[in-house]
Structures are given as structure tokens and as C-alpha cells.
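Visitor: Questions regarding the structure given below will be posed in turn.
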């Protein structure tokens, strides 16, 4: 008996370099959090595991190859009638230059003390603050 998928799976990467987090500004016309700052990520494709999908999404959105990928949190939400289970990861890179995809209009390497200058979704802001409080960004 064939079953329909009940949830989509999304992955997000907190990519740190020299104590700074890579953040991406969503296009203003984006249906979800248009104009907000975000971290790289997206939904898994059929047959991908979480790390494969995360690496693909990061490369598509930034041109970077994430290193030292470690699981961080699990979360969920609903978008357009689809239930989504999300997985956040910590990652590192030595690369500085970012090549943005059309999904984003800008990027920044944000130092922890600069966080208040950027507009994030509330749950993402909490997650970033938690990472910084734990010292996992160093």
C-alpha cells in the first residue's frame, strides 16, 4: 500500500566563521518572512539524508561547502497547509566569499554583538541567542 507523505523535512545551517554567523536576507516578496534575515537551508529532496540536503541547500544558496556539520535542534511549523519538521545544524567554514542565489538579496557575517541590527523570525533569533550563550559559535 502506497502512502502519501505527511510532512516535509527542512534543514537549516548555522554557519560560523571566525566567531561570525552567516546570515542571508530573504527577498522582500518572499511569502515566508519576506525581508527578514535568515540562515541557509531548505527542504530535503526525495532520497536525501539530512546532511546531503543541508550541503546541497548551502551550496545552492551561498556557494559554500559547510564543514564540521553537527545536529543542533528539531522544530516544526506549518506552511501553506504542509506540516514541516525542521532540523537545525551547527557548521563551520573557512571560506568568506558568498555567492548568493536569487532567493536572497544580501548576506552578512554577523558578530554576536550585532544581532539587534537585524530582523529575524522570533524562533530563529532565540536559537541564535542560545548558541551564543552556550559559546558554541567560537
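In my numbering, the protein residues as written are 10 to 147. Glycine included, C-beta positions come from ideal geometry on N, C-alpha and C. A quick note: this is a predicted structure, and the numbers were derived from the prediction, not measured.
With a cut-off of 8 Å, do at least 3 Cβ pairs link the segment 39-55 to the segment 76-84?
Guide: Contact fails: fewer than three Cβ-Cβ distances are below 8 Å.
Visitor: Could you give the residue range of the beta strand (DSSP E) that holds residue 81?
Guide: Where residue 81 is concerned, the enclosing beta strand (DSSP E) stretches over 76-88.
Visitor: If you check the beta carbons only, do residue 124 and residue 31 fall under 9 Å apart?
Guide: No, these two residues do not count as a Cβ contact at 9 Å.
Visitor: Starting from residue 114, trace the beta strand (DSSP E) in both directions and tell me its first and last residue.
Guide: Residues 113-119.
Visitor: Would you identify the three-state DSSP class for residue 106, choosing helix, strand or coil?
Guide: Residue state, collapsed to three classes: coil.
Visitor: Specify the secondary structure class of residue 130 as computed by DSSP and reduced to three states.
Guide: In the structure shown, residue 130 sits in coil (DSSP, three-state: anything other than H, G, I, E or B).
Visitor: List the DSSP bridge partners of residue 91.
Guide: Looking at the DSSP assignment, residue 91 forms a beta bridge with 88.
Visitor: Within 10 angstroms of its Cβ, does residue 110 collect 16 or more other Cβ (buried), or is it exposed?
Guide: Exposed, because fewer than 16 other Cβ atoms sit within 10 Å of the Cβ of residue 110.
Visitor: Among residues of its own chain, excluding the 5 on either side of residue 132, which ones have a beta-carbon nearer than 7 Å to its beta-carbon?
Guide: Cβ neighbours of residue 132 beyond the five flanking positions: 84.
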